[in-house]
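Right, one structure below, let's go through it.
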């Protein structure tokens with residue numbers, strides 16, 4: 135007994151870290167010594183008794199073999215979830231019938247439990263498209279808008295209103311102001327539709343958040359042009375992800391790297407950046423092409439590539455020399 139305690143002590147630096155086998159040995163050997171000799175242990179008698187109870191419990195514990203159906207395997211569980219995800223109108227009985235046709239015997243109640251535990255709603259609640267599906271299918275007819283702010287060197291906050299075409303990712307900076315009142319915002323909407331001219335007839339939806347700066351007059355400008363205004367859910371910036379992503383891009387590449395003096399300075403900077411973004415900056419979702427790419431040169435020669443710095447040199451553009 136003493137030898138085993140010494141061996142345990144030698145393995146430790148501070149408090150003894152007993153392994154399960156050590157507890158079993160000490161609990162078993164405690165029954166061979168008189169109770170008054172238990173004070174020789176480096177653990178309390180209560181601890182020895184608890185270890186002994188655990189030893190007995192483990193000895194008489196048998197595997198839990200509950201009656202009923204055998205659990206569904208991982209492969210079959212994934213097979214149940216797949217058609218439910220790919221067919222939003224299918225309920226649990228429709229899924230069970232399709233699996234039965236393929237030769238898989240599984241009860242309808244089991245299918246329901248699998249779908250329920252996976253968080254899959256019943257068919258009537260998931261028949262509508264998700265935001266991602268809606269935006270992808272209707273991208274060529276959707277225009278999104280939003281505000282973002284820039285603080286000047288004198289800590290004056292300036293608001294920027296922009297629009298982005300989801301299909302082409304082309305950005306329109308329509309206004310910069312320190313006081314975005316409702317009348318000003320509505321006038322910027324009219325200016326945008328005038329600039330879009332014939333392209334405005336192809337648009338069907340305007341996506342915006344619930345910012346109070348977007349007034350009824352602002353919405354009326356678009357509804358009068360046959361464009362439905364869709365408000366995103368409250369506190370859900372991901373629902374207007376294209377606009378949110380562009381705000382992050384312009385901040386990282388432009389406004390966070392400059393000191394802005396005032397409204398006129400910011401308007402000039404953003405006009406130059408928007409021209410770069412729309413005409414030169416490659417976009418991954420557009421196969422590394424800019425939203426409005428220039429015509430490719432006829433003769434490609436690496437030696438003739440020239441660099442043109444913009445925005446004071448914080449961004450570089452490259453093109454074929456004339």
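Numbering (the numbering used here), first residue to last: 135 to 456. The beta-carbon is built from N, C-alpha and C at its ideal position, and this holds for glycine as well.
C-alpha distance - residue i paired with residue j, whole-angstrom precision
{"i": "residue 248", "j": "residue 235", "result": "19 Å"}
{"i": "residue 364", "j": "residue 240", "result": "43 Å"}
{"i": "residue 188", "j": "residue 181", "result": "11 Å"}
{"i": "residue 252", "j": "residue 228", "result": "17 Å"}
{"i": "residue 320", "j": "residue 223", "result": "41 Å"}
{"i": "residue 303", "j": "residue 206", "result": "46 Å"}
{"i": "residue 299", "j": "residue 388", "result": "20 Å"}
{"i": "residue 377", "j": "residue 243", "result": "44 Å"}
{"i": "residue 322", "j": "residue 357", "result": "15 Å"}
{"i": "residue 453", "j": "residue 438", "result": "8 Å"}
{"i": "residue 355", "j": "residue 337", "result": "13 Å"}
{"i": "residue 331", "j": "residue 245", "result": "54 Å"}
{"i": "residue 312", "j": "residue 333", "result": "30 Å"}
{"i": "residue 386", "j": "residue 392", "result": "10 Å"}
{"i": "residue 417", "j": "residue 233", "result": "43 Å"}
{"i": "residue 382", "j": "residue 307", "result": "15 Å"}
{"i": "residue 221", "j": "residue 214", "result": "12 Å"}
{"i": "residue 412", "j": "residue 226", "result": "48 Å"}
{"i": "residue 421", "j": "residue 238", "result": "43 Å"}
Per DSSP, the bridge partner or partners of residue i
{"i": "residue 294", "result": "282 and 310"}
{"i": "residue 440", "result": "453"}
{"i": "residue 276", "result": "339"}
{"i": "residue 423", "result": "417"}
CB contact check: residue i to chain B, cutoff 8 Å
{"i": "residue 250", "result": "Although the question refers to chain B, the structure presented lacks it and comprises just one protein chain."}
Which of helix, strand or coil DSSP assigns to residue i
{"i": "residue 403", "result": "helix"}
{"i": "residue 321", "result": "helix"}
{"i": "residue 249", "result": "helix"}
{"i": "residue 454", "result": "strand"}
{"i": "residue 217", "result": "helix"}
{"i": "residue 339", "result": "strand"}
{"i": "residue 414", "result": "coil"}
{"i": "residue 303", "result": "coil"}
{"i": "residue 241", "result": "coil"}
{"i": "residue 223", "result": "coil"}
{"i": "residue 445", "result": "helix"}
{"i": "residue 330", "result": "helix"}
{"i": "residue 289", "result": "coil"}
{"i": "residue 236", "result": "coil"}
{"i": "residue 353", "result": "helix"}
{"i": "residue 346", "result": "coil"}
Residue i, buried or exposed, once every other Cβ within 10 Å from all chains shown has been counted against 16
{"i": "residue 400", "result": "buried"}
{"i": "residue 394", "result": "buried"}
{"i": "residue 448", "result": "exposed"}
{"i": "residue 343", "result": "buried"}
{"i": "residue 314", "result": "buried"}
{"i": "residue 230", "result": "buried"}
{"i": "residue 317", "result": "exposed"}
{"i": "residue 410", "result": "buried"}
{"i": "residue 345", "result": "exposed"}
{"i": "residue 443", "result": "exposed"}
| task | Please list the segments of the beta strand (DSSP E) lying wholly inside the stretch 356–400, counting only runs of 3 or more residues, in order along the chain. | result | 362–365
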